[in-house]
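Numbering (full-length UniProt numbering), first residue to last: 1 to 280. I have placed the structure first, in the form of structure tokens, so that the comments after it can refer back to it.
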């Protein structure tokens, strides 16, 4: 007779019970849906994020929620499931050396229209940092289009609003004055991206596990895919890199996170600078 599966979240201490079997189902489902590889030590994070969804939907335990999701969950509920389990850590001009390099890359391509893809837009700080760099380098009327995507629809909604606290990290006083409108009255303490900057950006939902990469449109000159691959296992990383390669122009540039290294994919990208790769 098999021993019972252990309980990972004790009902005496927490509102819901998360069994080892439930956690394993969650790991499989988020991997299938979003390519995210959840480590075995992420039970507390999963409990914290998904328990909110159980309260909102009225389920009493993880097992019944997962069963309902698998047997006929709506597209909206699957999206909520994915939204709960994605991680969004960002700031304006994060990994600043990339934006210094971007200035030179924009100047080198200034004679033609430029397409940029930011594929982990999160709450918008990175896309607007790209737009500010474009405006400061080539002017706000430059022929540049920045496509910004994320799998998490909630953070995309925040990004498209372009409203942040006036104390947002990474912004100099000069950039605050040049690129933002300051809120007054009930909006005091908030800043909003100026329309001329926002016009450079198009936000859209996109899953890197999608089979419809052609929906992204024409090939990109520059791709920012920073701190995304760390959530994927090696086969998924390779698959995404192959699709990214196909979505870029020859000689296009791929900017990645400081802890990401793709030297094993030399047939696709060659290292050109500090965490910047060139499409082969």
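Heads up, the beta-carbon is just placed ideally off N, CA and C, and yes, glycines get one too. Note that the structure is predicted; figures quoted are calculated from it, not measured.
Local conformation of residue i per DSSP, three classes
| i | result |
| --- | --- |
| residue 151 | coil |
| residue 194 | coil |
| residue 89 | coil |
| residue 228 | coil |
| residue 146 | strand |
| residue 38 | coil |
| residue 210 | coil |
| residue 171 | coil |
| residue 140 | coil |
| residue 259 | coil |
| residue 12 | Here residue 12 scores only 39 on pLDDT, less than 50, and its place in the model should not be relied on; the value that follows carries that caveat. Note: residue 12 maps to coil in three-state DSSP. |
Where residue i falls, given that 16 or more other Cβ within 10 Å makes a residue buried
| i | result |
| --- | --- |
| residue 72 | exposed |
| residue 113 | exposed |
| residue 119 | buried |
| residue 127 | buried |
| residue 76 | exposed |
| residue 40 | exposed |
| residue 145 | buried |
| residue 27 | buried |
| residue 264 | exposed |
| residue 176 | exposed |
| residue 217 | exposed |
| residue 121 | buried |
Run of the beta strand (DSSP E) containing residue i, from where it starts to where it stops
| i | result |
| --- | --- |
| residue 202 | 201-205 |
| residue 221 | 220-225 |
| residue 278 | 276-279 |
| residue 272 | 269-273 |
| residue 180 | 180-182 |
| residue 165 | 163-165 |
Range of the contiguous alpha helix (DSSP H) that encloses residue i
| i | result |
| --- | --- |
| residue 65 | 62-72 |
| residue 82 | 75-85 |
| residue 240 | 234-246 |
| residue 56 | 43-57 |
Assumed close pair residue i, residue j - CB separation to whole angstroms, cut-off 8 angstroms
| i | j | result |
| --- | --- | --- |
| residue 33 | residue 103 | Going by Cβ atoms, the distance from residue 33 to residue 103 rounds to 37 angstroms, so no, they are not a contact pair. |
| residue 49 | residue 85 | 6 angstroms |
| residue 268 | residue 256 | The Cβ separation is near 12 angstroms, so there is no contact. |
| residue 123 | residue 158 | 4 angstroms |
| residue 253 | residue 270 | Contact doesn't hold; Cβ gap of about 11 angstroms is too wide. |
| residue 140 | residue 197 | 6 angstroms |
| residue 163 | residue 190 | 6 angstroms |
| residue 170 | residue 92 | 3 angstroms |
| residue 181 | residue 199 | Contact flag wrong, Cβ pair sits at about 14 angstroms. |
| residue 43 | residue 59 | Actually they are not in contact, since the Cβ atoms of residue 43 and residue 59 sit about 18 angstroms apart, beyond 8 angstroms. |
Contact with chain C by residue i, beta-carbon distance below 7 angstroms
| i | result |
| --- | --- |
| residue 225 | Although the question refers to chain C, the structure presented lacks it and comprises just one protein chain. |
Enumerated in chain order, which unbroken segments of the beta strand (DSSP E) with a length of 3 residues or greater are wholly contained in the stretch 92-133?
114-118
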